[in-house]
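Read through the structure below, which is laid out as structure tokens, and then see the notes.
Residue numbers (the working numbering): 59 to 392.
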């Protein structure tokens, strides 16, 4: 990953118009999300696609590419500032094992279901990892280490749309399921945090039930976010031989953004990051991810998304149902 801090001034000037364009789209998406409700990332993607007519070789082209690549990875790295090892250990061994098992099982199920639907194993890994870990953020992080081809960007964007939509539906439906099952606040928090895709929707759904359920759901969700490290690391090693950068060189075994993620988790676990700073880094992370998704949207049209077909959508729905049933089953037998 090219570092944000070592770019020369001419490079910054060349990228500035495109980065500013993507950031402006992200600002509009955030305003709409905060004032009228709805998922920030989905708005950023749809607004970005509205500007797909901009020529890729124009003045904004270098900055759009930079935002879709480097800004994205920087935002993923900053997610580590939200997690501490103490939060994970505080859940108890059974809950942690159930959540980790759910992540692994969903990814494996996604790979199997993808092949059943006639799709490639990478599609199953991308969609399964996105559903299992943390929605759009995981989709972007996982796609960064998977082999690139003509359809990979379209699949990534469709995955972002799919998991964001499913996450929003889950935020509305899952609290009712938790109440119908008679789950106590802790159980409800584990269910919501262990199944809903995006962090924001997890928090919203949890606090619909109670503050205790909201707190539990948030911590459980952060355990799933922490699984981003081993999953991306394993995929990076598996696909390293078939992945090449623009110069033909293989990417590093441990991507730079993943190193940043791990370092921030460690530093935050030691209590060296004040709560206000952690919240600020979390906000910066969401802004970076929204900007990156807006840039990806600019590079993709609705026609290109439609060409991906219905099977990836069916794949994500199947993975979502599988994960929900798996966590419910674990709670009922515990």
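No residue lacks a Cβ here, since even glycine has one placed at the ideal position from N, Cα and C.
- CA-to-CA, the gap between residue 112 and residue 238 works out to about 49 Å.
- Judged by DSSP in its simplified three-state form, residue 345 adopts helix.
- Put simply, the backbone Cα of residue 242 is about 12 Å away from that of residue 275.
- When rounded, the separation of the alpha-carbon atoms in residue 341 and residue 373 is 31 Å.
- Counting C-beta pairs with one atom in each stretch, the stretch 327-341 and the stretch 151-159 have fewer than three that are closer than 8 Å, which means they do not touch.
- In the three-state reduction of the DSSP assignment, residue 239 falls in the coil class.
- At the C-beta level, residue 264 and residue 271 come within 8 Å of one another.
- Nearest Cα to residue 318 within the set 258, 370, 137, 114: 137.
- Residue state for residue 357 is assigned as coil, using DSSP reduced to three classes.
- Relative to residue 355, the option among 110, 256, 70, 96 whose CA is nearest is 110.
- Contact between the stretch 201-209 and the stretch 222-240 is absent: fewer than three C-beta pairs spanning the two stretches fall below 8 Å.
- DSSP, read as helix, strand or coil, puts residue 206 in coil.
- Counting only the Cα atoms, residue 133 lies some 21 Å from residue 107.
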